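Using the numbering used here, read the sequence shown as starting at 1 and increasing by one per residue. For every residue, glycine included, the Cβ atom is placed at its ideal position computed from N, Cα and C. Since this is a predicted model, take the numbers as computed values, not measurements. Written below as structure tokens is the structure these notes are about.
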Amino acid sequence: GDIVAVAGVNDIMIGETIVDPDDPRPLPLIHVDDPAISMTFGINDSPLAGTEGKDHKLTARMIKDRLDRELIGNVSIKVLPTDRPDAWEVQGRGELALAVLAEQMRREGFELTVGRPQVVTKTIDGVVNEPMENTTIDVPEEYMGTVTQLMADRKGRMDGMTNHGSGWVRLQF
Numbered sequence: 001g002d003i004v005a006v007a008g009v010n011d012i013m014i015g016e017t018i019v020d021p022d023d024p025r026p027l028p029l030i031h032v033d034d035p036a037i038s039m040t041f042g043i044n045d046s047p048l049a050g051t052e053g054k055d056h057k058l059t060a061r062m063i064k065d066r067l068d069r070e071l072i073g074n075v076s077i078k079v080l081p082t083d084r085p086d087a088w089e090v091q092g093r094g095e096l097a098l099a100v101l102a103e104q105m106r107r108e109g110f111e112l113t114v115g116r117p118q119v120v121t122k123t124i125d126g127v128v129n130e131p132m133e134n135t136t137i138d139v140p141e142e143y144m145g146t147v148t149q150l151m152a153d154r155k156g157r158m159d160g161m162t163n164h165g166s167g168w169v170r171l172q173f
């Protein structure tokens, strides 16, 4: 229950446990869901690259170093090489997380191109599968049809519906 700070341990990762040698029971490792969305981050190859100031970070090495630093503290992303030496596929849990990373890098002076989000698929037994999420939505009864339609448009499958009798409905997809 105590909070401590530890310095000088270079090869420790998020989720690892420092234990008492007399009672070496580590905590279970945290589980991070697999990435669902990917975006390509690469150098700015526009004709206007580097024209906004002298402190901008333009090279592939600078971008790769920054992405590698992000991997140290952000367990929800993965950085994979692409067929181009100046671009990387960055995978994350959602568009917002990747957009926040791109915006942080922009504010730090990086000039980069960012591709459109794409769904990360897996091939299991020769069949291509998309990620699935369980979602619970509490919604007023009068909006139940609209929300159900929006979820159906995104390939959502309703698993359950509970009417609380208070004007609200719980939808499970």
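Terminal residues of the beta strand (DSSP E) in which residue i lies
i: L80; result: K78 to P81
i: R170; result: W168 to Q172
i: L112; result: L112 to V114
i: T136; result: T136 to P140
i: K122; result: K122 to I124
i: V127; result: V127 to N129
Per DSSP, the bridge partner or partners of residue i
i: D2; result: DSSP lists no partner for D2.
i: A87; result: G42
i: K57; result: F110
i: Q118; result: S38
Cβ-Cβ distance between residue i and residue j below 9 Å
i: P35; j: K78; result: yes
i: D11; j: I43; result: no
i: G167; j: P140; result: yes
i: I30; j: V75; result: yes
i: M151; j: M161; result: no
i: P131; j: V147; result: no
i: V19; j: P26; result: yes
i: F41; j: V100; result: no
Residue i CB to nearest heavy atom of the ligand GTP below 8 Å
i: A87; result: The model on display carries no ligand, and the ligand GTP is accordingly not part of it.
Element boundaries [alpha helix (DSSP H), containing residue i]
i: T162; result: Careful: T162 lies outside any alpha helix (DSSP H), inside the beta strand (DSSP E) at G160 to N163.
i: Q145; result: According to the sequence shown, residue 145 is Gly rather than Gln. Run containing G145: M144 to D153, per the alpha helix (DSSP H) assignment.
Where residue i falls, given that 16 or more other Cβ within 10 Å makes a residue buried
i: M13; result: exposed
i: L80; result: exposed
i: A142; result: According to the sequence displayed, residue 142 carries Glu and not Ala. Exposed is the call here.
i: V169; result: buried
| At least 3 beta-carbon pairs within less than 8 Å: the stretch 101-117 vs the stretch 63-77 | yes
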